[in-house]
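In the working numbering, the protein residues as written are 1190 to 1276.
Quick look at the structure:
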C-alpha cells in the first residue's frame, strides 16, 4: 500500500501535468490517501517549464506552476546560477 511509503522521487517531474501518466498516477493513487498518510514527494527537473509555448502569459505560467505544485503536493524551489551555496 502506498501509505507505507515514506518518500516518492519523481524524475522529470515537469511532466506531472495534464494527461501525462505521472499525473494519472498521482491522481489515482497518491491523492486518494488522506493527507497524513501520503508520502513526501521529491520532484526533480532541470526544466520545469519545458512544455510552455513562447507566447504564454505570466498569468498562465503561474497557473502551470501552481498545477505542478498541487499535483505533486509540493512546493517548487530552485537555485539561480549565482546563488551562494553554504557548505
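Virtual Cβ for every residue (Gly too), placed ideally from N, Cα, C.
Keep in mind it's a predicted model, so treat the numbers as computed, not measured.
Look at the segment 1190-1271 and you find these whole runs of beta strand (DSSP E), each 3 residues long or longer: 1196-1200 and 1229-1233. Counting C-beta pairs with one atom in each stretch, the segment 1244-1256 and the segment 1216-1234 have fewer than three that are closer than 8 Å, which means they do not touch. Between residue 1263 and residue 1232, the C-beta spacing is below 8 Å. With respect to residue 1201, residue 1234 sits close: the two C-beta atoms are nearer than 8 Å. In this structure, residue 1218 sits near residue 1191, with a CB-CB distance shorter than 8 Å. The C-beta of residue 1196 has fewer than 16 other C-beta atoms within 10 Å across all chains shown, which makes the residue exposed.
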